[in-house]
Amino acid sequence: MANNQNVSTPKSLVIKIVIIIIIIAVLVTLWFVKNADVEKGADNNIDSGSITETKDINPDFALNVTEALDLEKLKSYGVPIIIDFGSDSCIPCKEMAPVLEKLNAELQGKAIIRFVDVWKYPDLAQDYPLSVIPTQMLFDKDGNPYTPSDPQASGMTLYTSQDTNEHIFTTHEGGMTEDMMRGVLAEMGLEE
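Residue 115 in full-length UniProt numbering sits at position 115 of the sequence shown; the count goes up by one each step and never skips.
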């Protein structure tokens, strides 16, 4: 009987080792599958997945910015402009993404709603006063920096040139809800 116990112990040890190897193989496979999805997802976030674009629209009205903005050209359209500087990895930016996508699609030709991913395209943010993300740059339909009726209550910051004292930018730092954006667009001259 002592002999049978010695024989079954190595078998059960082999079975335990095989089970452990199978578990490790499954975990390694899951890790690779998960990381492959994360890498694919990085390309599909705000740039092309959670914020989509219609290919038939004027590129100046496209949501995602991947090249330097020609602000003077955008202003020439005579519509309100919101340029959101953010990232696909910041929580408030992710929360704003569906709103930006919706308003961009809905207001084609009536307003310019653009998104700049500052982590993917840091050079595109260099000419703007950014200290946090998300930050929105706001211009009225006449191409002037937005002048809110009550800047302090609206949480807006107005920037002026040190040389000329000219109002050059109006920004909002932090996330904006759809209602906030619609209110600002209306005040900037949106014609629906």
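Here a beta-carbon is modelled for each residue, glycine too, at the ideal position from N, C-alpha and C.
Cβ-Cβ distances below 8 Å link Tyr121 to Val65 and Thr66 in the same chain, with the five nearest sequence neighbours on each side left out; the list follows chain order. Judged by DSSP secondary structure, Ile91 falls outside any beta strand (DSSP E) and instead within the alpha helix (DSSP H) spanning Ile91 to Glu106. DSSP lists Ile81 as the bridge partner or partners of Ile112. With at least 16 other beta carbons inside 10 angstroms of its own, Gln136 counts as buried. According to DSSP, residue pairing for Gln126 in a beta bridge does not occur.
Closest in alpha carbon position to Leu138, among Phe169, Gln126 and Val132, is Phe169.
Nearest neighbour of Glu166 by Cα position, chosen from Asp179, Ala153 and Thr147, turns out to be Thr147. For the pair Gly155 and Ile20, the Cα-to-Cα distance works out to about 58 Å. DSSP places Gln136 in the uninterrupted beta strand (DSSP E) bounded by Thr135 to Phe139. For Glu178, the enclosing alpha helix (DSSP H) begins and ends at Glu178 to Glu187.
Relative to Asp70, the option among Ala125, Thr177 and Leu190 whose CA is nearest is Ala125.
The alpha-carbon separation between Lys102 and Ile81 amounts to approximately 15 Å.
In the structure shown, Pro145 adopts extended strand secondary structure according to DSSP, grouped into three states.
Measuring C-alpha to C-alpha distances from Thr160 to each of Ala153, Ile15, Thr171 and Glu191 identifies Thr171 as the nearest.
Closest by C-alpha distance to Val118, out of Ile133, Tyr77, Asp179 and Leu190, is Ile133.
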